[in-house]
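Peer 1: Residue numbers 57 to 252, in the working numbering, belong to the letters of the sequence shown in order.
Every residue, glycine too, gets a C-beta built ideally from N, C-alpha and C.
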Amino acid sequence: MGMIVGLLMMTLNLQPNLAAPVRTIVIDVPERTLTLLIDHAPTKTYAIAIGKPYSPTPIGSFKIISIVSNPSYYNPSVGKFGPGAKGNPVGTRWMGLSIKGYGIHGTSAPKSIGRAASRGCIRMHNRDAEDLARRISVGDAVEIKYEMAGDASTKNDIYKRHVQAPVLVAAIPNGSPSLVGSPASSPVSNLLDEED
(Lines of atoms letter the chains of each structure in order from A and count residues from 1; the text may use other names and numbers.)
(Lines give C-alpha, C1' and ligand atoms only; values in the text may rest on other atoms or scores of the structure.)
Protein backbone atom coordinates (compact mmCIF):
# COMPACT_ATOMS: atom_id res chain seq x y z
CA MET A 1 0.00 0.00 0.00
CA GLY A 2 2.81 2.42 0.94
CA MET A 3 4.51 1.82 -2.41
CA ILE A 4 1.29 2.61 -4.26
CA VAL A 5 0.87 5.90 -2.36
CA GLY A 6 4.49 6.80 -3.08
CA LEU A 7 4.07 6.07 -6.80
CA LEU A 8 0.83 8.04 -6.86
CA MET A 9 2.57 11.02 -5.24
CA MET A 10 5.40 10.84 -7.78
CA THR A 11 2.94 10.52 -10.66
CA LEU A 12 0.91 13.51 -9.47
CA ASN A 13 4.10 15.39 -8.49
CA LEU A 14 2.81 15.81 -4.93
CA GLN A 15 5.32 16.66 -2.24
CA PRO A 16 4.73 15.93 1.41
CA ASN A 17 4.69 19.06 3.58
CA LEU A 18 8.17 18.96 5.12
CA ALA A 19 8.25 22.66 6.04
CA ALA A 20 9.18 23.43 9.60
CA PRO A 21 6.36 24.83 11.69
CA VAL A 22 6.19 28.62 11.93
CA ARG A 23 6.80 29.63 15.54
CA THR A 24 6.03 33.11 16.82
CA ILE A 25 6.32 34.40 20.37
CA VAL A 26 3.73 37.09 21.16
CA ILE A 27 4.28 39.15 24.29
CA ASP A 28 1.32 41.19 25.57
CA VAL A 29 2.87 43.81 27.85
CA PRO A 30 -0.32 45.05 29.62
CA GLU A 31 -1.53 41.46 30.18
CA ARG A 32 1.97 40.36 31.21
CA THR A 33 1.73 37.19 29.15
CA LEU A 34 3.89 35.43 26.59
CA THR A 35 2.09 33.18 24.11
CA LEU A 36 3.82 30.74 21.78
CA LEU A 37 2.06 30.36 18.44
CA ILE A 38 2.83 27.38 16.23
CA ASP A 39 1.56 27.77 12.68
CA HIS A 40 -0.39 30.82 13.91
CA ALA A 41 -2.31 28.82 16.55
CA PRO A 42 -1.83 29.59 20.27
CA THR A 43 -0.01 26.63 21.81
CA LYS A 44 1.13 27.73 25.27
CA THR A 45 0.76 30.88 27.38
CA TYR A 46 3.07 31.84 30.24
CA ALA A 47 2.95 34.54 32.93
CA ILE A 48 5.83 37.02 32.69
CA ALA A 49 7.35 40.08 34.33
CA ILE A 50 7.95 43.16 32.18
CA GLY A 51 10.09 46.29 32.43
CA LYS A 52 9.50 48.94 35.04
CA PRO A 53 7.97 52.25 33.87
CA TYR A 54 11.41 53.91 33.76
CA SER A 55 12.95 50.93 31.90
CA PRO A 56 10.09 49.69 29.70
CA THR A 57 10.08 46.52 27.68
CA PRO A 58 10.75 47.48 24.04
CA ILE A 59 7.77 47.23 21.71
CA GLY A 60 8.18 45.86 18.20
CA SER A 61 9.16 42.93 16.01
CA PHE A 62 12.31 41.00 16.86
CA LYS A 63 13.95 37.60 16.39
CA ILE A 64 15.46 35.07 18.77
CA ILE A 65 19.24 35.28 18.19
CA SER A 66 20.49 32.96 20.93
CA ILE A 67 19.29 30.31 23.36
CA VAL A 68 21.61 29.64 26.31
CA SER A 69 21.20 27.07 29.08
CA ASN A 70 22.58 28.10 32.48
CA PRO A 71 23.88 31.48 31.27
CA SER A 72 26.56 33.55 32.95
CA TYR A 73 25.54 37.03 34.07
CA TYR A 74 27.46 40.15 35.01
CA ASN A 75 26.25 43.55 36.13
CA PRO A 76 28.47 45.90 38.18
CA SER A 77 25.61 46.72 40.55
CA VAL A 78 24.65 43.07 41.11
CA GLY A 79 27.87 41.15 40.56
CA LYS A 80 28.97 38.18 38.50
CA PHE A 81 27.16 34.85 38.32
CA GLY A 82 28.70 31.86 36.59
CA PRO A 83 26.76 29.22 34.66
CA GLY A 84 24.16 27.61 36.90
CA ALA A 85 25.07 29.81 39.89
CA LYS A 86 22.45 30.13 42.59
CA GLY A 87 20.81 33.56 42.58
CA ASN A 88 21.62 34.26 38.91
CA PRO A 89 19.22 37.11 37.97
CA VAL A 90 18.59 35.63 34.51
CA GLY A 91 17.81 32.19 35.90
CA THR A 92 18.42 28.98 34.01
CA ARG A 93 17.71 30.09 30.41
CA TRP A 94 18.50 33.12 28.26
CA MET A 95 16.79 33.66 24.90
CA GLY A 96 18.45 36.70 23.37
CA LEU A 97 16.47 39.11 21.22
CA SER A 98 17.64 40.95 18.11
CA ILE A 99 17.63 44.21 20.09
CA LYS A 100 20.91 44.55 21.95
CA GLY A 101 20.81 43.83 25.67
CA TYR A 102 17.28 42.44 25.81
CA GLY A 103 16.05 38.90 26.17
CA ILE A 104 13.51 36.47 27.52
CA HIS A 105 14.91 34.68 30.54
CA GLY A 106 14.32 32.87 33.79
CA THR A 107 14.68 34.59 37.14
CA SER A 108 15.96 34.22 40.67
CA ALA A 109 13.01 36.38 41.81
CA PRO A 110 9.91 34.28 41.03
CA LYS A 111 7.64 36.63 43.01
CA SER A 112 8.33 39.31 40.38
CA ILE A 113 6.35 37.39 37.74
CA GLY A 114 3.15 39.25 36.87
CA ARG A 115 4.68 42.61 37.77
CA ALA A 116 6.59 45.43 36.11
CA ALA A 117 9.89 44.52 37.72
CA SER A 118 12.72 44.22 35.18
CA ARG A 119 15.02 46.62 33.37
CA GLY A 120 13.16 45.88 30.15
CA CYS A 121 13.75 42.15 29.67
CA ILE A 122 10.96 39.59 29.84
CA ARG A 123 11.24 37.41 32.95
CA MET A 124 9.67 33.98 33.31
CA HIS A 125 9.58 31.33 35.99
CA ASN A 126 12.65 29.13 35.40
CA ARG A 127 10.53 26.06 34.61
CA ASP A 128 8.60 28.11 32.03
CA ALA A 129 11.79 29.54 30.48
CA GLU A 130 13.16 25.99 30.21
CA ASP A 131 9.93 24.79 28.59
CA LEU A 132 9.86 27.68 26.11
CA ALA A 133 13.54 27.20 25.22
CA ARG A 134 12.81 23.57 24.29
CA ARG A 135 9.98 24.62 21.98
CA ILE A 136 11.68 27.41 20.00
CA SER A 137 14.69 27.92 17.74
CA VAL A 138 17.10 30.70 16.84
CA GLY A 139 15.44 32.80 14.14
CA ASP A 140 11.90 32.49 15.51
CA ALA A 141 9.86 35.70 15.46
CA VAL A 142 9.05 37.69 18.60
CA GLU A 143 6.25 40.27 18.58
CA ILE A 144 6.12 42.51 21.65
CA LYS A 145 2.80 44.35 21.72
CA TYR A 146 1.30 47.05 23.86
CA GLU A 147 -2.40 47.11 23.08
CA MET A 148 -5.07 48.31 25.45
CA ALA A 149 -7.99 46.65 23.62
CA GLY A 150 -9.81 43.99 25.57
CA ASP A 151 -10.99 43.65 29.11
CA ALA A 152 -9.99 46.90 30.81
CA SER A 153 -10.38 45.32 34.23
CA THR A 154 -7.43 43.00 33.57
CA LYS A 155 -5.15 45.27 31.57
CA ASN A 156 -2.91 47.71 33.38
CA ASP A 157 -1.49 50.58 31.33
CA ILE A 158 1.83 50.53 33.18
CA TYR A 159 3.61 52.75 30.64
CA LYS A 160 0.68 55.21 30.34
CA ARG A 161 0.49 54.74 26.57
CA HIS A 162 -3.26 55.30 26.51
CA VAL A 163 -2.87 58.94 27.59
CA GLN A 164 -3.43 61.23 24.64
CA ALA A 165 -1.33 64.36 24.45
CA PRO A 166 -3.45 67.40 25.26
CA VAL A 167 -3.99 70.15 22.72
CA LEU A 168 -1.62 72.81 23.99
CA VAL A 169 -1.95 75.49 21.31
CA ALA A 170 -4.91 77.31 19.88
CA ALA A 171 -5.23 80.10 17.33
CA ILE A 172 -6.09 83.51 18.67
CA PRO A 173 -7.22 86.46 16.55
CA ASN A 174 -3.74 87.87 15.86
CA GLY A 175 -2.58 84.40 14.72
CA SER A 176 0.02 83.71 17.41
CA PRO A 177 -0.32 80.48 19.39
CA SER A 178 -1.35 80.43 23.02
CA LEU A 179 -1.41 77.74 25.68
CA VAL A 180 -4.83 76.32 26.44
CA GLY A 181 -5.05 75.66 30.16
CA SER A 182 -2.01 75.26 32.34
CA PRO A 183 0.51 72.44 31.95
CA ALA A 184 -0.21 71.42 35.54
CA SER A 185 -3.82 70.69 34.64
CA SER A 186 -3.02 68.59 31.58
CA PRO A 187 -3.56 64.82 31.69
CA VAL A 188 0.15 64.21 31.10
CA SER A 189 1.47 66.56 33.78
CA ASN A 190 1.84 63.73 36.26
CA LEU A 191 4.07 61.96 33.72
CA LEU A 192 6.25 65.01 33.24
CA ASP A 193 6.83 65.53 36.95
CA GLU A 194 8.04 62.01 37.72
CA GLU A 195 11.67 61.71 38.75
CA ASP A 196 12.29 58.37 36.97
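With a 10 Å radius around its C-beta and 16 neighbouring C-beta atoms as the bar for buried, classify T99 as buried or exposed.
Peer 2: Classification for T99: exposed.
Peer 1: Just grab the DSSP bridge partners of G147 for me.
Peer 2: Beta-bridge pairing links G147 to no other residue.
Peer 1: Would you check if the distance between the CB atom of S128 and the CB atom of G135 is smaller than 7 Å?
Peer 2: No; because the gap between Cβ atoms is not below 7 Å, this pair is not in contact.
Peer 1: Looking at the structure shown, is N182 part of a helix, part of a strand, or coil, going by DSSP?
Peer 2: In the structure shown, N182 sits in a helix (DSSP, three-state: H, G or I).
Peer 1: Can you give me the C-alpha to C-alpha distance between S133 and P145, rounded to a whole angstrom?
Peer 2: Each residue's Cα considered, the two are about 12 Å apart.
Peer 1: Distance, Cα to Cα, E203 vs P77?
Peer 2: If you take the alpha carbons of E203 and P77, they lie about 27 Å apart.
Peer 1: What does a CB cutoff of less than 6 Å around A173 pick up in its chain, not counting 5 residues either side in sequence?
Peer 2: So the list reads A105, once near-sequence residues are dropped.
Peer 1: Quick check on the burial criterion: 16 or more other C-beta atoms within 10 angstroms. Buried or exposed for A75?
Peer 2: With fewer than 16 Cβ atoms within 10 Å of its Cβ, A75 is classed as exposed.
Peer 1: Please name the residue, chosen from L92, I214, A189 and E199, that lies closest to S122 on a Cα-to-Cα basis.
Peer 2: Cα-wise, what sits closest to S122 is A189.
Peer 1: Does the separation of the CB atoms of Y215 and P114 fall below 7 Å?
Peer 2: Their beta carbons are not under 7 Å apart, which means Y215 does not touch P114 by this criterion.
Peer 1: Out of curiosity, what's the CA-to-CA distance linking V198 and R179?
Peer 2: Using only the alpha carbons, I get a separation of about 15 Å.
Peer 1: Can you tell me whether D213 is buried or exposed? The criterion is at least 16 other CB atoms within 10 Å of its CB, across all chains shown.
Peer 2: With fewer than 16 other Cβ atoms within 10 Å, it is exposed.
Peer 1: Could you tell me which residues DSSP puts in a beta bridge with E199?
Peer 2: According to DSSP, which records beta bridges pairwise, E199 is partnered with V82 and S117.
Peer 1: In this structure, does DSSP put P112 in helix, strand or coil?
Peer 2: P112 falls in the coil class under three-state DSSP.
Peer 1: Name the DSSP beta bridge partners of L188, please?
Peer 2: In the DSSP output, where bridge partners are listed per residue, L188 has none listed.
Peer 1: What's the gap between the Cα of C177 and the Cα of I94?
Peer 2: About 23 Å.
Peer 1: Would you tell me roughly how many angstroms separate the C-alpha atoms of T80 and D196, rounded to the nearest one?
Peer 2: The straight-line gap from Cα to Cα measures roughly 6 Å.
Peer 1: What is the DSSP secondary structure of K156, reduced to helix, strand or coil?
Peer 2: Coil, per DSSP.
Peer 1: Taking all protein chains shown into account, do 16 or more other C-beta atoms lie within 10 angstroms of the C-beta of H161, making it buried, or fewer, making it exposed?
Peer 2: Buried, since its Cβ has 16 or more Cβ neighbours within 10 Å.
Peer 1: Rounded C-beta distance between I192 and G116? I'm assuming under 8 Å.
Peer 2: Not quite, the Cβ-Cβ distance comes to about 18 Å (not below 8 Å), so this is no contact.
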